[in-house]
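Undergrad: Just passing along the structure, written as structure tokens.
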Amino acid sequence: MTWKANRLALRQGSIFPLCASAVAGVVIMTPILVVFWRSFTSGKLGFTVAINVDNYLRVFADKDIWPMLSNSIIYAGGSALLGTGLGGLLAWIVARTNTPGKALVELMPLYPLLMPPIMKNIAWILLLAPKSGILNGMLEQFLGITYPVFNAFSMAGMIWTFGIACVPLGYLFLLPVFLSFDPSLEESAYIAGSRPVHTMLKITFPLAMPAFISAFVLNFLRALRSFETPVLQGTPGNIKVFVSRVYDSMALEFNTGLATAYSVVLVVMSVLTLYFYVRATRFSERYATITGKGYRVRVIDIGPWKYVTFAAVSLYFLAGIAIPFVVLIVVSIIPYFDYDTFMSFPSHMALNNYRTVLRHASFLNGLRNSVLLSIVIALITVLAGIVMAFTIHRTRAVGTKIFEFIGTLPLAFPPLVLSVGLVIIFVGTPLYNSLWALGLGLFVAYFPYAFRNASGAIVNIHKELDEAAWVHGAKWRHVFFRITLPILKPAVGGALFYIFIEAIRNVDVAVLLTAPGLEYGPVTLFEYFRVGQWAEAAAGGVIYLIILIVAVSVAKFAFKMKFSL
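Under our numbering, the residue at position 33 of the sequence shown is numbered 1012, and the numbers go up by one with no gaps.
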């Protein structure tokens, strides 16, 4: 049977997708295996001394190991709970209530996706900094409160900043649930005299628990893997987490063995999180409400409370993008940042910061590299993901299921860890500090999203379409380009757009793979802020936000892409 299956695959011309998937698998697995191997070696960057467990002994002998573990869990758990809980509340408001302005309200939770994560960090640092923060300055000026009420460099400040960034994912996961489940249980509660709020807490939200857990786990993993918030807000406040320790081991100590050992601990935490998620959702069928019986989703009339829910959505829109964006614009048009200059900005307005960054070679090179590389990587990653999904689900060659594991594996690895592996691979070669290395890093980090997107779409296409072509002697290229790819056009467009947006905003993959002469836009903004050029960082961030708004507009109107459900 194995020989027949392989011979049939060869006759159908499936050798190309098999080889392409194998190449993609090697590219993905190499940095992952290097990270594990290097964690068992001693020596600085570029040198290997011996195979041993010294790095792990140093990691577990670190006096900060338990504070790092607790800080990582509290930061990730708090951010995920805030983001998923608020996202679920917004989804319920949009899907089940008669909140006014639905056309506007359903898009408000998604607009914050446009702002690069590093710019959100910079904006909230400017707002919440204990000494020079805008909000603390206002409290002192108008209320006479002299002690810092807000502190961006605290655990609460970190959770707030990243938790707000987690809201869109929670909203997108829970909105389809609230739009689709059978309302008969809610109607029974209303008949029994239950009020809307009580029904929401006792029936609606518990029924959405599997989707809530899914969104919570993904947001927890995002926080555990996040780079900007722990480095920009945690490090000044001496709040240590594993990601920042990995970065310090590479960028400051140049100790790849120690960095990879900390990375392996971080990967183990990610895998344990996924294990608990699988255990928690193994009985999710108990929450099923969609059956063969017809029903119609009921919109709840919440009376005067509808204005409160509209205000809640509007407040999130203000906190998620409006206030940070206004702060960045104001800071970008003043000569330097301090509270007095910010508050009197009309008398200090100038475009000098924009002239500075647009004349700065590192910013221009970084902008060009990030735009071009994001487009190329989005195209290559999506195409490779579709080819691998096609190989698994449409060719009959034996052993293709291994690609399912390989294509999903990078999700367990923080992007910074993957870039550590690539640094180790390319150091001392012509590819070190090149666009090739940076492109490979982005490819490996975002491949699972393209692959899972393509797999889900291909599974929905019945095999009879492909089989009819196979029967008539079609080769894989005819089936792939004339049948599968045209049907996948909506999924392809969405994946291209998502990966482009993520890649052009990326810092955690690029931060270790760039250097003077090889700049990447978001990393340039990161360095501006690190050296105290806050106004220039704000100006660069505004330019990036404009580029992303243009990209969204092009995707919406030129390619007819939808951004709501």
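The beta carbon of each residue, even a glycine, is placed where N, CA and C say it ideally should be.
#1: Would you please state the rounded distance, in angstroms, between the beta carbons of M1137 and Y1254? I believe it to be under 8 Å.
#2: Is W1103 closer than 9 Å to A1131 when the C-beta atoms are compared?
#3: Across the region 1207-1220 and the region 992-1007, are there enough close Cβ pairs to call them in contact, namely three or more that are closer than 8 Å?
#4: State the start and end residues of the unbroken alpha helix (DSSP H) segment that holds E1383.
#5: So for G1520, helix, strand or coil by DSSP?
#6: If we require 4 or more residues per run, which alpha helix (DSSP H) segments fall completely within the region 1031-1102?
#7: For G1386 and F1430, which I take to be in contact (beta-carbon distance under 8 Å), what is that distance rounded to the nearest angstrom?
#8: Any idea which residues DSSP pairs I1279 with across the strands?
#9: Cα separation between G1213 and N1100?
#10: Check whether the Cβ atoms of F1034 and F1015 lie closer than 9 Å to each other.
#11: Assuming P996 and T1370 make a contact with CB atoms under 8 Å, what is their CB distance in whole Å?
#12: Taking all protein chains shown into account, do 16 or more other C-beta atoms lie within 10 angstroms of the C-beta of W1071, making it buried, or fewer, making it exposed?
#13: Could you give the first and the last residue of the continuous alpha helix (DSSP H) run that contains V1005?
#14: Helix, strand or coil: how does DSSP classify T1374 here?
#15: Please name the residue or residues paired with T1020 in a DSSP beta bridge.
#16: Please classify L1148: does DSSP put it in a helix, a strand, or coil?
#17: Whole angstroms is fine: what's the gap from I1143's alpha carbon to L1061's?
#18: Does DSSP put L1105 in a helix, a strand or coil?
#19: Decide if the region 1110-1122 is in contact with the region 1326-1342; the criterion is three or more beta carbon pairs, one per stretch, under 8 Å apart.
#20: Just verifying my parser: in three-state terms, what is the DSSP assignment at L1497?
#21: Evaluate K1380 with the Cβ neighbour count: other Cβ atoms within 10 Å of its Cβ, from every protein chain shown; 16 or more gives buried, anything less gives exposed.
#22: Which residues in the same chain have their Cβ closer than 7 Å to the Cβ of S1223, if we skip the five residues on either side of it in sequence?
#23: Terminal residues of the continuous alpha helix (DSSP H) containing A1290?
#24: What separation, rounded to the nearest whole angstrom, lies between the Cα atoms of I1300 and P1096?
TA: Once the coordinates are examined:
#1: With 8 Å as the limit, M1137 and Y1254 do not qualify as a contact, their Cβ atoms being about 26 Å apart.
#2: yes
#3: no
#4: 1381-1387
#5: helix
#6: 1033-1040, 1044-1075, 1081-1084
#7: 4 Å
#8: T1076
#9: Their Cα atoms are separated by approximately 11 Å.
#10: Checking the sequence, you will find Asn at residue 1034 rather than Phe. Cβ atoms of N1034 and F1015: not closer than 9 Å.
#11: 4 Å
#12: buried
#13: 994-1017
#14: In the structure shown, the three-state DSSP call for T1374 is coil.
#15: I1030
#16: helix
#17: Distance between the alpha carbons of I1143 and L1061 is about 7 Å.
#18: helix
#19: Not touching, per the Cβ criterion.
#20: strand
#21: Under this definition K1380 is an exposed residue.
#22: Taken in chain order, the residues that qualify are P1209, V1210, G1213, T1214.
#23: 1284-1296
#24: C-alpha separation (whole angstroms): 11 Å.
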